[in-house]
Amino acid sequence: MPSLSSVVRSAASWWEQPDHFDWLSGYLATQDLQRLVRCTLAAATILLSANTVSMQWSPGGSSRPVGLAAALGAAAVCLATAGLWIRRWPSCRQSVCYVAISDVGIAIACLSYRDALLGLAGCITFAVLGGYIAFFHRPRILAAHLGVALGTAVALLAMQGMRSGDWVAAACTFSVVVVGILAVPMTTQVLVHRLTVDVAVSDVDPLCGLLNRRGFYRRCAELLAGATHLAAQYLAVTMVDLDQFKRLNDALGHAVGDRALVAVAEILQRHHDGAVVARIGGEEFLVAEVADHPDRAESAERLRRAIADSPFGLTASIGVVSALVHPGWIATARDVIDELIRCADIAMYEAKRSGGNQIRNRLASVGS
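Positions 559 to 926 (this note's numbering) are the ones given, in order, by the sequence shown.
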């Protein structure tokens, strides 16, 4: 049986889990699934809002003008949030606002019903929203949601018990609803946590500790998800190919070659703090970063000099391509990233054909 301290540590670890919104948004973008998810969430929100309005013509609907106005107002606001999903993929902050509005709307709708047992059954809607929160957001937001959901359910339990006197039926309905409210998000949270760990491991190059190609695409999609909500941002992709690396391997052995690759990886990380850095081939590296201006020549030149000054006597051919970020990119993230990599690769080979140890900096227009 686990000790109290281990339980506390596990709970603390769960509580401190980061938000999953950016990387899952990026993953959905690279798999061309964002449109499907947006349409599904918009349709679900519209359907639930329509149900709230329709219930006003039911004998179990709101009996007082205040309750009727509150229910219709909540439905109208929730219906408006569906427009967010119809237009485009939201930012993390907009998603949190959607959660808060939906929580309040569901609570108002359930509490406004004349038949408290019907309102209690309606609380199962919180389970659907909880699954969304557990999938995309941090445990703290999930905890706030569960507080609203359980508080609403408890209030309706008390109302039904006092009005009907049948506490057994009320308690049985309450227990079924609570199981749904808790089971769906908690199960989703565990699955997403395991998925996060597995993805993190599978995205890393074992030699250098950088991202691999798969991880590069995922993290770049996250960059785009954040950058599309900012004004005048450029996505810069840098292709780095080490010159004459095979000669180093043949002359000094693969062990020395591996140490040289690790050294270059460390240089890339130092010179591009906060950027997405990956090793995508034997001696090929990629860097992606969001910048306020397109000219990355100075940064690329510092990187070139740092590699040339490394103790392994290596030089690098570097191709840099920058493009102004467009809101439409988030829906075609994979294609955009592919095109920028292709352009950076062309620029890098221009530098290599000119003798190597050079940079080529380009401004591209992608998906505009």
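In this text, a Cβ means the ideal position worked out from N, Cα and C, and glycines have one as well. Model, not experiment: these values are computed from the prediction.
Open item on the list: So, does the region 899 to 911 touch the region 816 to 833, judging by three or more C-beta pairs under 8 Å?
Closed with: no
- [ ] Take R920 and list the residues in its own chain whose beta-carbon comes closer than 6 Å to its own, dropping the five residues that flank it on each side.
- [x] For this step, residue 920 is matched to residue 362 along the sequence shown. Closer than 6 Å at the Cβ level, and outside the excluded window around R920, lie V879 and A905.
- [ ] Starting from D503, follow its DSSP beta bridges and name the residues at the other end.
- [x] Because the chain spans 559 through 926 in this model, residue 503 falls outside it and cannot be assessed.
Open item on the list: Which same chain residues end up closer than 8 Å to A729 when comparing Cβ atoms and leaving out the 5 residues on each side of it in sequence?
Closed with: Numbered from 1 along the sequence shown, position 171 holds the residue referred to as residue 729. Correct list, in chain order: L715 and G719.
Task: For A809, the three-state DSSP class (helix, strand or coil) - done: Your numbering for residue 809 matches position 251 in the sequence shown. Reduced to three states, the DSSP call for A809 is helix.
Task: Limits of the unbroken beta strand (DSSP E) element including I666 - done: As a working note, residue 666 is residue 108 in the sequence shown. First-last for I666: C650 to S670, but that is the alpha helix (DSSP H), not the beta strand (DSSP E).
Task: According to DSSP, residues forming a beta bridge with I644 - done: One-based indexing of the sequence shown puts residue 644 at position 86. Beta-bridge pairing links I644 to no other residue.
Task: Range covered by the alpha helix (DSSP H) that runs through R721 - done: One-based indexing of the sequence shown puts residue 721 at position 163. Segment P697 to S722, the alpha helix (DSSP H) holding R721.
Open item on the list: Please list the terminal residues of the continuous beta strand (DSSP E) segment that includes L844.
Closed with: The residue you call residue 844 lines up with position 286 of the sequence shown. Taken as a continuous stretch (DSSP letters only), the beta strand (DSSP E) holding L844 covers E842 to A849.
Task: Simplified DSSP state of S563, which is helix, strand or coil - done: Along the sequence shown, one-based indexing puts residue 563 at 5. S563 falls in the helix class under three-state DSSP.
Open item on the list: Let me check understanding here. Comparing Cα to Cα, which of S912, G914, T890 and Q802 lies closest to V924?
Closed with: Locating residue 924 in the sequence shown gives position 366, counting from the first residue. Comparing Cα-Cα distances from V924 to each of S912, G914, T890 and Q802, the minimum goes to T890.
TODO: Could you check if R837 is buried or exposed, using at least 16 other CB atoms within 10 Å of its CB as the buried criterion?
DONE: Your numbering for residue 837 matches position 279 in the sequence shown. Flag for R837 reads buried.
Task: Check whether I699 and I691 have beta carbons under 7 Å apart - done: Here the question's residue 699 lines up with position 141 in the sequence shown. Here the question's residue 691 lines up with position 133 in the sequence shown. Contact flag set, yes.
- [ ] Select from A874, G689 and A823 the residue whose C-alpha is nearest the C-alpha of Q802.
- [x] Here residue 802 refers to the residue found at position 244 when the sequence shown is read from its first residue. For Q802, the nearest C-alpha among the options comes from A874.
Task: As assigned by DSSP and simplified to three states, the class of I682 - done: Along the sequence shown, one-based indexing puts residue 682 at 124. Of the three classes helix, strand and coil, the one that applies to I682 here is coil, per DSSP.
- [ ] Measure the alpha-carbon distance for R672 versus S616 and round it to whole angstroms.
- [x] Numbered from its first residue, the sequence shown carries residue 672 at position 114. Numbered from its first residue, the sequence shown carries residue 616 at position 58. Distance between the alpha carbons of R672 and S616 is about 10 Å.
TODO: Quickly, what does DSSP pair R911 with across the bridge? List them, please.
DONE: By 1-based counting over the sequence shown, the position of residue 911 is 353. Paired residue(s): none; R911 is not in a bridge.
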